[in-house]
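Data block below; observations after.
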Amino acid sequence: MTRFVLKRLAGAVLVLLALSVLVYALFYLAPGDPARLACGERCNPQQIAQVREQLGLNDSAFVQYLHFLQGVFTGRDHSTGTSVTHCDAPCLGLSYQNDQQVTQLVLERLPATASLALGAMVIWLLVGVGTGLLSALRRGGVTERALTVLTLAGTGTPVFILGLLLLMAVCAYLQWLPFPSYVPLGEDPEQWAWNMLLPWLTLGFFESAKYARLTRSSTLETLAEDHIRTFRAYGVGERSVVARHALRGAVPPVIAVSAVDLGSMFGGAVLTESLFGIPGLGKTLLDGVRTIDLPVVVGVVMVMGTAVVLANVLADLLYAAADRRVVLT
Amino acid sequence: MTESPLVEVSDLTVEFEREAGAVRAVDGLSFTLGEGRALALVGESGSGKSTVAGALLGLHRGTGARVGGSVRVGGIDVAAAGPAELRRLRGGVAAMVFQDPLSALDPYYAVGDQIAEVYRIHHPVSRKAARARAVEVLDRVGIPDAARRSRSRPHEFSGGMRQRALLAMALACEPKLLVADEPTTALDVTVQAQILDLLHELRRETGTALLLVTHDVGVAAESVDEVLVMRDGREVERGPVAGVLGAPSAPYTRALLSAVPRLDGPVRTPTEKGETLLEAAGLRREFGRGKVAVTAVDGVSLAVRAGETLGVVGESGSGKTTLGRMLVRLLDPTGGELRYRGTRIGSLPERELRPYRRELQMVFQDPVASLNPRRSVGESIADPLRVAGERDETRIRGRVRELLDRVGLDPDRYEAYPHEFSGGQRQRVGIARALAAEPRLIVCDEPVSALDVTTQAQVTALLAELQAELGLGLVFIAHDLAVVRQVSDRVAVMRGGRIVEQGTVAEVYGAPQDPYTRQLLAAVPSLDPVLAAERRGRRQELAAA
Numbered sequence: 018m019t020r021f022v023l024k025r026l027a028g029a030v031l032v033l034l035a036l037s038v039l040v041y042a043l044f045y046l047a048p049g050d051p052a053r054l055a056c057g058e059r060c061n062p063q064q065i066a067q068v069r070e071q072l073g074l075n076d077s078a079f080v081q082y083l084h085f086l087q088g089v090f091t092g093r094d095h096s097t098g099t100s101v102t103h104c105d106a107p108c109l110g111l112s113y114q115n116d117q118q119v120t121q122l123v124l125e126r127l128p129a130t131a132s133l134a135l136g137a138m139v140i141w142l143l144v145g146v147g148t149g150l151l152s153a154l155r156r157g158g159v160t161e162r163a164l165t166v167l168t169l170a171g172t173g174t175p176v177f178i179l180g181l182l183l184l185m186a187v188c189a190y191l192q193w194l195p196f197p198s199y200v201p202l203g204e205d206p207e208q209w210a211w212n213m214l215l216p217w218l219t220l221g222f223f224e225s226a227k228y229a230r231l232t233r234s235s236t237l238e239t240l241a242e243d244h245i246r247t248f249r250a251y252g253v254g255e256r257s258v259v260a261r262h263a264l265r266g267a268v269p270p271v272i273a274v275s276a277v278d279l280g281s282m283f284g285g286a287v288l289t290e291s292l293f294g295i296p297g298l299g300k301t302l303l304d305g306v307r308t309i310d311l312p313v314v315v316g317v318v319m320v321m322g323t324a325v326v327l328a329n330v331l332a333d334l335l336y337a338a339a340d341r342r343v344v345l346t
Numbered sequence: 115m116t117e118s119p120l121v122e123v124s125d126l127t128v129e130f131e132r133e134a135g136a137v138r139a140v141d142g143l144s145f146t147l148g149e150g151r152a153l154a155l156v157g158e159s160g161s162g163k164s165t166v167a168g169a170l171l172g173l174h175r176g177t178g179a180r181v182g183g184s185v186r187v188g189g190i191d192v193a194a195a196g197p198a199e200l201r202r203l204r205g206g207v208a209a210m211v212f213q214d215p216l217s218a219l220d221p222y223y224a225v226g227d228q229i230a231e232v233y234r235i236h237h238p239v240s241r242k243a244a245r246a247r248a249v250e251v252l253d254r255v256g257i258p259d260a261a262r263r264s265r266s267r268p269h270e271f272s273g274g275m276r277q278r279a280l281l282a283m284a285l286a287c288e289p290k291l292l293v294a295d296e297p298t299t300a301l302d303v304t305v306q307a308q309i310l311d312l313l314h315e316l317r318r319e320t321g322t323a324l325l326l327v328t329h330d331v332g333v334a335a336e337s338v339d340e341v342l343v344m345r346d347g348r349e350v351e352r353g354p355v356a357g358v359l360g361a362p363s364a365p366y367t368r369a370l371l372s373a374v375p376r377l378d379g380p381v382r383t384p385t386e387k388g389e390t391l392l393e394a395a396g397l398r399r400e401f402g403r404g405k406v407a408v409t410a411v412d413g414v415s416l417a418v419r420a421g422e423t424l425g426v427v428g429e430s431g432s433g434k435t436t437l438g439r440m441l442v443r444l445l446d447p448t449g450g451e452l453r454y455r456g457t458r459i460g461s462l463p464e465r466e467l468r469p470y471r472r473e474l475q476m477v478f479q480d481p482v483a484s485l486n487p488r489r490s491v492g493e494s495i496a497d498p499l500r501v502a503g504e505r506d507e508t509r510i511r512g513r514v515r516e517l518l519d520r521v522g523l524d525p526d527r528y529e530a531y532p533h534e535f536s537g538g539q540r541q542r543v544g545i546a547r548a549l550a551a552e553p554r555l556i557v558c559d560e561p562v563s564a565l566d567v568t569t570q571a572q573v574t575a576l577l578a579e580l581q582a583e584l585g586l587g588l589v590f591i592a593h594d595l596a597v598v599r600q601v602s603d604r605v606a607v608m609r610g611g612r613i614v615e616q617g618t619v620a621e622v623y624g625a626p627q628d629p630y631t632r633q634l635l636a637a638v639p640s641l642d643p644v645l646a647a648e649r650r651g652r653r654q655e656l657a658a659a
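Going down the list, the protein sequences come from chains A and B.
Under my numbering, think of the first position of the first sequence as 18, with each following residue one higher.
Under my numbering, think of the first position of the second sequence as 115, with each following residue one higher.
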C-alpha cells in the first residue's frame, strides 16, 4: 500500500507540472495586457512599460516558466522596483496586482474554501445518501415519486438561485439568521458555524441531488444481486438485508464520486463563495482571471490540482478498504 | 401412520406478469416429498423447475408473481405463513443452496460471518457461538483449515470451495430439507463429482431430505430416489429414478434422454480424412511478465486435417480457450510454431495474415455475447463477406439468405435482431457467420455448453453435417467429456496448459493412459443410478490412491 501511495504521489507531481504548463500556455494565448491592468487606468505607456519590465513579462514565456519552476523548488528573489523581496520555496510568485506572495495568499484563502467544501460534503452525504436509500426502498411508492421530483428539482436549480432563495427566506423573510459574513474557525467556532450554515446547505443540497440518484441506482443494483436473494432465502429480515448487505454494496461508488467532487471544490465553489461573500479560493481565482494575474491563477490551479489528486488517492484507499476484492497496484 | 409428508405441493401455479401478458411458469404441479427422501426436478431451461424451488421457500412473495394452489413445507402453509413463521421456514426448515456460488455470497463479508449471520437468525446464540458453529460446518464440508479460511471473503475461495461454503450455510441450521438449485452447474466435472459425493454423504449422516433442481439428468441419477420430469411448467413423468431414466414412458423423457451425450453412446464412424490444415508445435502463451507471469498454454503440439474433428477437453483454467484463440491467431503465440497448410502463420504480421484469416474462423461459447445486439443477424453474418471485399448488396443478401437456410433458420429473418432468437438459434447464427467467409477450419469454443441438451444435439448434428458437406476441419473445445466423445475423431485432454493425453476417441476413452484422464472420466455423472453408485466407489478409490 505504501508503494501504491508513493507511486500515486509521484504521479501527482507530474500532473501538477502538466497543469502549470497548460495554464502558462493558455495565459499567453489569451488576449489582454496584464501590465496595463496591474498599473492602473491612469498609467502612461512609459509607466506600463516599466511595470512590464518589473513583472518580467519581457522575458520569453519559456524563461518565465523556468523562473516559476525555480520559485517552486528553490525559492527566488523578486524585485518590486524599489526593493527586493525573497520568496521561499515553494514560491508561486508574486501577484501582479499587489505584489503579495501567492503562496501566502492561497494559504490564507484555503481555510474558508476547505470549511465550505467539507461542511457541504457532510450535508450531501447525509441528505443525498439518505434520500437515495429511502427512494430505493420505497420504489414505486408515493415517497419515491416525491423524492424523484425533489432530486430532479435539485439538479435543475442553479446553485445561485438555490442560495438566493435560502438567503431570502432565512435571512430576509424569516430573519432566523443574520446575513452571513465569514468568520474564521480559529476566531470563533460558534460564529463560524452559524455563518457557514447557509453556504453549506446551499452547496450541500445542490450536490445531494446527484448523490441521491447515485445511491438509489447503486442500491437497487445491489438489491437485484444474487447474494441478496441468498439472505432473504435464509430468513434474514428485510431491514437487515438492506442495512447490512445492500447498503454495503452501494457505498463504494459514493466514495469514489465524493472524493472527486471534494477535490474539485477546493478549486473553489465560485458561485457559492461569491454569493455569500466567503473569501475563498474560488473568488481569488475569479479575480485573478479577470485581472490576468497569472501567478494567482497558477497558484489556485495548483492547489486545486493537488486537492483533486490527493482526494483521488484517498478515494482509492477507502475503496480498497470497503471492497477487499480491489487490489491496489 | 398418518403423518403428512415433509413437502406437499398441490396444484401449484405461478404466473409472472410480463409486458406481453401473464406468463405461466408453473402450471398445476403436484408432488410430495417424504422426510429424508430425495427428489429431482429435471427439465430444460424455461420448464419452471427453479420457480418451483423458489415457491417452496415463499420466495415469490412480494415479487408480483401470482401463486396459486398450495405449498406446505414441514407443516407450514407457505402462502399463509406470517413473517415469523416464514423466517423459521427459510433456513430453519428448508435451506436453499443456490446455483452460482460466486454471486450467491456477499462479496463484502467474510464467509464465516455470513454463515454466522444466518445461523443467528434461527438460533438465539452469541456472535461468538455462531462464529464457532460456522467454523464447525465449514470444517464439515471439507474446507481445509476452516478456522482461518472462515475469515476469507468469497472471492478468495475457488468455485468448488464456494459451493461447499453454501452447503455449509445450509447445513448450519440443521434443516429438514435441502433445496438445491443447479448446485453444480457452474463447476468443473471433477469438482462437481466432489460436491455431489459430499451432498450424498451429508444426507446419509443427517437424514435431510433433498429437492434437487437440475437440467443435467446425470446429476439427478447420481443423487436422488425419485425424478420428476418437467416441461412448460407441467409434470411430464414422475417415478423412481431407475424407472424414469431406465425405462421412460413419456415420449418427451425419451427424447430428452436420447439427446444426452453419454460415455457409452455412439461415436462417429471414421471417414476419409484430407490434407493436414493446421499444425501446432510446442505452442506457448504467457500472460504478464516477471513475477506475475502465467503460462496459459505450455508447449502444445497438435494437427488438424480437413474433414476431421479434434476435440479439446479440459477443465476451467486448463488453457483450452487460449489455445483455441491462438489457433486462429486471435491471440499471438509467445512461443512455438503454428503452420497453416505449410505456411508459418504463428508470427506473421497482420497484413500478410489477411488471406489466411478468411479460412480460419471461430464459433464462440456465448451466442448472446458474441453477437452485436444492436445489429440485425443478417448484418452480423454479412460482416465477413464485407471484410473479404464483397460490395454488391444483392449478392451479399443472397449469400446471407443461403447461409441462414443452410444452418436451419428462416432466410427471411435477415432483419431480425439477436434477442428475437432462442439460444440454439443464436448459436446457428454464430455458425452461419463463421461459414460466411468459406473457411477451411473452424475452432468452436464451447459451442454448445450454454444450450439445453436437445438443442445441443441439434447444433452438434448441424456441425457434423456441415463438416461432411464442406470438408471442414473442426477443433471442438469443451469441458463436457461426453459431448466431445460424441463429436470428435481424435481427442486431446488438457491440464495446466499442456496436453496430457492425445489420441483417437477409442484410445482416450476406451483405454485412458493418463491418471488425470481416468479421474475426469470417473467424475462424469452416469445416467444409470446403479452405475453411478459404482462410480462413486471408484472415485473414492482414486481419491484414496
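Every residue gets a Cβ at the ideal spot worked out from N, C-alpha and C, and that includes glycine.
According to DSSP, residues forming a beta bridge with TYR454 (chain B) | B:LEU392 and B:THR457
Can you list the residues of chain A that ASP214 (chain B) reaches, using a CB-CB cut of under 7 Å?
-> ASP243
Quick one: does ARG204 (chain B) have its CB under 9 Å from some CB of chain A?
-> Interface criterion met: the Cβ of ARG204 (chain B) is under 9 Å from a Cβ in chain A.
Would ARG342 (chain A) be called buried (16 or more neighbouring beta carbons within 10 Å of its own) or exposed?
-> exposed
By how many angstroms is the C-alpha of ASP340 (chain A) removed from the C-alpha of ASP105 (chain A)?
-> 43 Å
Just the chain B side, please: which residues come within less than 8 Å of GLY252 (chain A) by C-beta, in chain order?
-> LEU200, ARG201, ARG202, LEU203, ARG204, GLY205, GLY206, VAL232, ILE235 and HIS236
Within 10 angstroms of the Cβ of ALA78 (chain A), are there 16 or more other Cβ atoms? Answer buried if so, exposed if not.
-> exposed
Name the residue from B:ASP214, B:ARG265 and B:VAL181 whose alpha carbon lies nearest to the alpha carbon of GLY226 (chain B).
-> Taking GLY226 (chain B) as reference, the option from B:ASP214, B:ARG265 and B:VAL181 with the minimal CA-CA separation is B:ARG265.
Mind listing, in chain order, the continuous alpha helix (DSSP H) runs of no fewer than 4 residues lying wholly within the segment 31-67 of chain A?
-> 51-56
Just checking my contact of GLY92 (chain A) with HIS84 (chain A) at CB under 8 Å: how many whole Å lie between their CB atoms?
-> At roughly 11 Å, the Cβ-Cβ gap does not stay under 8 Å, so GLY92 (chain A) and HIS84 (chain A) are not in contact.
Any C-beta of chain B sitting closer than 9 Å to the C-beta of PHE248 (chain A)?
-> Using beta-carbon distances, PHE248 (chain A) counts as an interface residue toward chain B, with a partner under 9 Å.
For VAL333 (chain B) versus THR390 (chain B), is the C-beta distance shorter than 9 Å?
-> no
Whose CA, out of B:ALA139, B:SER144 and B:SER640, lies closest to the CA of ASP84 (chain B)?
-> Beyond the ends of chain B as shown, which are 115 and 659, falls residue 84 (chain B); an answer cannot be given.
Inter-residue spacing [alpha-carbon to alpha-carbon] between GLY178 (chain B) and PRO270 (chain A) | Distance between the alpha carbons of GLY178 (chain B) and PRO270 (chain A): 30 Å.
Who does GLN616 (chain B) pair with in a DSSP beta bridge?
-> B:ALA606
With a cut-off of 9 Å, does the C-beta of ARG256 (chain A) fall near any C-beta of chain B?
-> no
Could you tell me which of B:GLY360, B:ARG403, B:PRO380 and B:THR448 sits nearest to LEU397 (chain B), measuring between CA atoms?
-> Closest option to LEU397 (chain B), Cα to Cα, is B:THR448.
Tell me, please, whether the CB atom of MET210 (chain B) is closer than 9 Å to any CB atom in chain A?
-> At a cut-off of 9 Å between C-beta atoms, MET210 (chain B) counts as an interface residue with respect to chain A.
Secondary structure of ALA154 (chain B), DSSP reduced to three states | strand
Any idea if TRP193 (chain A) is buried or exposed, counting beta-carbon neighbours within 10 angstroms, 16 or more meaning buried?
-> exposed
Run of the alpha helix (DSSP H) containing VAL251 (chain B), from where it starts to where it stops = 241-254
Ordered along the chain, which non-local residues of its own chain (more than five positions away) have a Cβ less than 8 Å from that of LEU72 (chain A)?
-> PRO51, ALA52, ALA55 and TYR113.
Three-state secondary structure (DSSP) at LEU143 (chain B)?
-> strand
Name the DSSP bridge partner or partners of GLN654 (chain B)?
-> Answer is none; GLN654 (chain B) lacks a bridge partner.
Measure the Cβ-Cβ separation of THR367 (chain B) and GLY421 (chain B) and say whether it is below 9 Å.
-> It is not a contact, given that the beta carbons lie outside the stated cut-off.
Within the same chain, show all residues whose beta-carbon is closer than 7 Å to that of GLY388 (chain B), passing over the 5 residues directly before and after it, in chain order.
-> ARG419, ALA420, GLY421 and GLY585
Nearest chain E C-beta to ALA218 (chain B) closer than 9 Å, yes or no?
-> Of the protein chains in this structure, namely A and B, none is chain E.
Assigned secondary structure, SER161 (chain B) (DSSP; H/G/I helix, E/B strand, else coil) = coil
With DSSP collapsed to three states, give me the class of GLN306 (chain B).
-> Taken through DSSP and simplified to helix, strand or coil, GLN306 (chain B) comes out as helix.
Specify the secondary structure class of THR383 (chain B) as computed by DSSP and reduced to three states.
-> coil
Given that HIS174 (chain B) touches chain A, what residues does it touch there, using C-beta distances under 8 Å?
-> Within chain A, no residue comes near HIS174 (chain B); the closest Cβ sits about 11 Å away, beyond 8 Å.
From which residue to which residue does the alpha helix (DSSP H) around MET282 (chain A) run?
-> 264-282
Closest by C-alpha distance to THR320 (chain B), when choosing among B:GLY353, B:LEU292, B:GLU296 and B:ASP330 | B:LEU292
By the criterion of Cβ-Cβ separation under 8 Å, what are the contact partners of ASP340 (chain A) in chain B?
-> Going along chain B in sequence order, the residues near ASP340 (chain A) (Cβ under 8 Å) are PRO221 and TYR222.
Are ALA300 (chain B) and LEU325 (chain B) close, meaning C-beta to C-beta below 9 Å?
-> no
Along the chain, where does the beta strand (DSSP E) that runs through VAL185 (chain B) open and close?
-> 180-187
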